[in-house]
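Number of protein chains: 2
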Amino acid sequence: MAQQNIFDNEVFFDGYKKLRDQEVNANILFEIPALSSLLPDLEGKEILDLGCGFGEHCVDYVKRGAKRVVGIDLSEKMLEVARKENADPKIEYLRLPIEELDKVSGTFDVVISSLAFHYVEDYAGVVKKIYEKMNAGAVFVFSQEHPFTTTYSNKLPRWTRDENGKKIYINLADYGVEGERTSTWFVDNFIVYHRMFSTIVNELAQNGFVIEKMIEPTPDEELLAKYPEYYDLFHKPDFLLVRARK
Amino acid sequence: MAQQNIFDNEVFFDGYKKLRDQEVNANILFEIPALSSLLPDLEGKEILDLGCGFGEHCVDYVKRGAKRVVGIDLSEKMLEVARKENADPKIEYLRLPIEELDKVSGTFDVVISSLAFHYVEDYAGVVKKIYEKMNAGAVFVFSQEHPFTTTYSNKLPRWTRDENGKKIYINLADYGVEGERTSTWFVDNFIVYHRMFSTIVNELAQNGFVIEKMIEPTPDEELLAKYPEYYDLFHKPDFLLVRARK
Chain A
36 MAQQNIFDNE
46 VFFDGYKKLR
56 DQEVNANILF
66 EIPALSSLLP
76 DLEGKEILDL
86 GCGFGEHCVD
96 YVKRGAKRVV
106 GIDLSEKMLE
116 VARKENADPK
126 IEYLRLPIEE
136 LDKVSGTFDV
146 VISSLAFHYV
156 EDYAGVVKKI
166 YEKMNAGAVF
176 VFSQEHPFTT
186 TYSNKLPRWT
196 RDENGKKIYI
206 NLADYGVEGE
216 RTSTWFVDNF
226 IVYHRMFSTI
236 VNELAQNGFV
246 IEKMIEPTPD
256 EELLAKYPEY
266 YDLFHKPDFL
276 LVRARK
Chain B
36 MAQQNIFDNE
46 VFFDGYKKLR
56 DQEVNANILF
66 EIPALSSLLP
76 DLEGKEILDL
86 GCGFGEHCVD
96 YVKRGAKRVV
106 GIDLSEKMLE
116 VARKENADPK
126 IEYLRLPIEE
136 LDKVSGTFDV
146 VISSLAFHYV
156 EDYAGVVKKI
166 YEKMNAGAVF
176 VFSQEHPFTT
186 TYSNKLPRWT
196 RDENGKKIYI
206 NLADYGVEGE
216 RTSTWFVDNF
226 IVYHRMFSTI
236 VNELAQNGFV
246 IEKMIEPTPD
256 EELLAKYPEY
266 YDLFHKPDFL
276 LVRARK
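Going line by line, the protein sequences match chains A and B. Reading the first sequence from the start, the letters are residues 36 to 281 in the numbering used here. Reading the second sequence from the start, the letters are residues 36 to 281 in the numbering used here.
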């Protein structure tokens, strides 16, 4: 199987890095706090981070008391940044596609993945491998693009706006047609894999996971007062987060 | 708490009964087969049917070998039909809102609800009561209107159509705003309660249920060849079904 290595594309990498360097964006305001709220106590735990990117999460896990962190990512360019900016004796960075996570040695107490699963075509296969890499009672927490986002393709504008350009609703088509979607995000051929909610849930359940919590983050009143533009998340949450237990 | 008793409204009742008497509709083609596929073996089982309506499901459960079936419904008009057309010594029909299911005596091996939960405001309270009414290892199966449908209100047309009137995408707004929705379906003030996927899942998980399977029915190739208009379900599934175990 060929894995998409979009993060080693220079145009994409530069655009993405600028986005991640912003002080305020949807990741910082919604995805990171939601992911954090789903994590168990990490003290003394062995942790596997799937699609670790720049490694910011990995150093955070060490700060929270993790004994060992293994971060894997397909992108050499991202791992270069991770090894330079987020190195720690307790962290090991490996260049591996998520689909080959079974090549990592040992088993883990917590498996975490932040915003990588929508790049994974073989979700069922990856879920199975994660289960096998987990100790009994271990926790799996992941975030991905929300299905309302992954269903989007270049075929249809994502939003309908009023006469002032304000987003009033999303144009949602082909939600029930799973698989590859090509759109434009920094580059022309940005590929994600769309899955329905039921598929995301069923692959976990069928592989023995107990689903404990899901989050589709929306702003609370305080955030909304400060950033009214994020009302859009009530129409289309950007993220879906899941915690499941072995 | 006041429960909506829309089914005892004569205009609504007549419109709804005509719909249910059709030989082919989305219920028959998609909801009933999906619900059926989620049921465990009913031989010798005690079954509680929440929102039993005309009782067609209850007699089917007896045919499948159920030892005892209790069907509850808020609508006297529907129970009248049930007692006349779908009576059986093993079936007991009770006039009770779903919210008061704790008043039914005994505990059950299977709790089933077909297309009633979108009328329930206090989903969290009902899930808790269902869990308490279930024997260890018992199964809870329910269907409801899909969240893409319950999010709809009179504020926005549901579909965008092309120049020939063909539905091309849904106009989806306020998915993240949960609660009451008023629309027009046979009557002007048709009320349902909208919940996000995550809320539907979380209330089950937090109350101790293990989620085993979810279905968002879409047509297979054979059905699509016969009824091409049901391609619409790929844009907006009409139903969401869940099986969970105590």
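Where is the CB? At the ideal position from N, CA and C, for every residue including glycine.
Under a CB-based cut-off of 8 Å, is Lys-112(A) close to chain B? Taking the first sequence and counting its residues from 1, the one referred to as residue 112(A) is at position 77. Output row for Lys-112(A): interface = no.
Drop a sphere of 10 angstroms on the beta-carbon of Pro-132(B), count the other beta-carbons inside from all chains shown, and report buried for 16 or more, exposed for fewer. On the second sequence, position 97 is the one that residue 132(B) refers to. By the neighbour-count rule (16 or more Cβ atoms within 10 Å), Pro-132(B) is buried.
Looking at C-beta atoms only, is the number of pairs between the region 168-188 of chain B and the region 224-232 of chain B that lie closer than 8 Å three or more? yes
Who are Ala-151(A)'s beta bridge partners in DSSP? To locate residue 151(A), count along the first sequence from 1; it is residue 116. DSSP, once it has assigned bridges, lists no residue as partnering Ala-151(A).
What do you reckon, are the CB atoms on Gly-141(A) and Glu-81(A) nearer than 8 Å? As a working mapping, residue 141(A) is identified with position 106 in the first sequence. As a working mapping, residue 81(A) is identified with position 46 in the first sequence. Result yes, Cβ atoms of Gly-141(A) and Glu-81(A) sit closer than 8 Å.
For Lys-202(B), write down the residues that DSSP places opposite it in a beta bridge. One-based indexing of the second sequence puts residue 202(B) at position 167. DSSP lists Arg-196(B) as partners of Lys-202(B).
Alpha carbon to alpha carbon, what distance is there between Ala-117(A) and Asn-62(A)? Looking up residue 62(A) in the first sequence gives position 27. Looking up residue 117(A) in the first sequence gives position 82. Their Cα atoms are separated by approximately 18 Å.
Beta-carbon neighbours of Met-169(B), restricted to chain A and to distances below 7 Å: Sequence index remark: in the second sequence, residue 169(B) carries index 134 (1-based). The contacting residues do not exist; Met-169(B) stays about 17 Å from chain A at best.
Closer than 7 Å by beta-carbon distance: list the chain A residues that pair up with Thr-253(B), in chain order. Counting from one through the second sequence, the residue named residue 253(B) turns up at place 218. Within chain A, the residues near Thr-253(B) are Gly-211.
Partner residues on chain A for Phe-232(B), Cβ-Cβ distance less than 8 Å: In the second sequence, counting from the first residue as 1, residue 232(B) sits at position 197. Per Cβ cutoff of 8 Å: Phe-232, Met-249, Glu-251.
So with Cβ pairs under 8 Å, would you call Glu-45(B) a contact of chain A? What you label residue 45(B) is simply residue 10 of the second sequence in a count that begins at 1. Glu-45(B) does not count as touching chain A.
Identity of the residue in Asn-60(A), Phe-143(A), Val-139(A) nearest Gly-79(A) by Cα: Position 44 of the first sequence, counting from 1, holds the residue named residue 79(A). Of the candidates Asn-60(A), Phe-143(A), Val-139(A), the one whose C-alpha sits nearest the C-alpha of Gly-79(A) is Phe-143(A).
Residue from Lys-168(B), Pro-124(B), Ser-110(B) with nearest C-alpha to Lys-281(B): Taking the first residue of the second sequence as position 1, residue 281(B) is located at position 246. For Lys-281(B), the nearest C-alpha among the options comes from Lys-168(B).
Please list, in chain order, all residues of the same chain as Asp-123(A) whose beta carbon is under 7 Å from its beta carbon, the five residues on each side excluded. Within the first sequence, residue 123(A) is the residue found at index 88, counting from 1. Excluding sequence neighbours, Asp-123(A) sits near Val-94, Val-97.
Using the C-alpha atoms, what's the distance from Arg-99(B) back to Leu-275(A)? If you number the first sequence from 1, residue 275(A) lands on position 240. If you number the second sequence from 1, residue 99(B) lands on position 64. Roughly 39 Å between the two C-alpha positions.
Opening and closing residue of the alpha helix (DSSP H) in which Glu-270(A) lies: Position 235 of the first sequence, counted from the first residue, corresponds to residue 270(A). Note that residue 270(A) is His in the sequence shown here, rather than Glu. Taken as a continuous stretch (DSSP letters only), the alpha helix (DSSP H) holding His-270(A) covers 267-270.
Taking one C-beta from the region 204-224 of chain B and one from the region 199-206 of chain A each time, how about it: are there three or more such pairs within less than 8 Å? yes
Quick check: the Cα distance between Ile-107(B) and Lys-119(B), rounded to an integer number of angstroms? Your numbering for residue 107(B) matches position 72 in the second sequence. Your numbering for residue 119(B) matches position 84 in the second sequence. Going from the Cα of Ile-107(B) to the Cα of Lys-119(B) covers about 15 Å.
N-terminal and C-terminal residue of the alpha helix (DSSP H) that Asn-237(B) is part of: If you number the second sequence from 1, residue 237(B) lands on position 202. Element bounds for Asn-237(B): 232-241.
Out of curiosity, what's the CA-to-CA distance linking Val-222(A) and Phe-47(A)? Here residue 222(A) refers to the residue found at position 187 when the first sequence is read from its first residue. Here residue 47(A) refers to the residue found at position 12 when the first sequence is read from its first residue. So the alpha carbons of these two residues sit roughly 6 Å apart.
Return the residue from the list Ser-71(A), Leu-85(A), Glu-58(A), Asn-237(A) that minimises the CA-CA distance to Phe-152(A). On the first sequence, residue 152(A) is found 117 positions in, with the first residue counted as 1. The option with the nearest alpha carbon to Phe-152(A) is Leu-85(A).
Under the criterion of a Cβ to heavy atom distance below 7 Å, does Asp-273(B) qualify as lining the ligand FMN? This structure lacks the ligand FMN; in fact it carries no ligand of any kind.
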